[in-house]
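The opening residue of the sequence shown carries number 601 in this note's numbering; numbering runs sequentially from there.
We put the beta carbon where it would ideally sit given N, CA and C, even for glycine.
Since this is a predicted model, take the numbers as computed values, not measurements.
Let me begin by presenting the structure, written as structure tokens, before commenting on it.
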Amino acid sequence: MKKLFWVGIGIGVGVLTARKLGQARDLASSDGLNRTVGRIGDSLQELAEAFRTGMNERETELRQALGLDETPGPSHH
601 MKKLFWVGIG
611 IGVGVLTARK
621 LGQARDLASS
631 DGLNRTVGRI
641 GDSLQELAEA
651 FRTGMNERET
661 ELRQALGLDE
671 TPGPSHH
């Protein structure tokens, strides 16, 4: 029974290792590298867009708090 358990563990570890090696080979290929760089580029673009959006929202809040965006009312001439 113990031998069967250890054989099962060995097979499981072997399968996981084979999968990880396959993934590593895919990432090392030029197509895999291009996909990885593309994903990183997309993530950086999303991060920059989120930063810009947050920055613009905060700037609007600050301008309103300081009264810089208030439009002047009609003058009483």
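Spanning the alpha carbons of asparagine 656 and glutamine 645 requires a straight line of approximately 16 Å. Counting along the chain, no alpha helix (DSSP H) covers aspartate 669, and no H or E run does either. Here the alpha carbons of alanine 618 and serine 629 stand approximately 17 Å from one another. If you draw a straight line from the Cα of arginine 658 to the Cα of glutamate 649, it comes to about 14 Å. Separation of glycine 614 and phenylalanine 605 (C-alpha to C-alpha, rounded to the nearest whole angstrom) is 14 Å.
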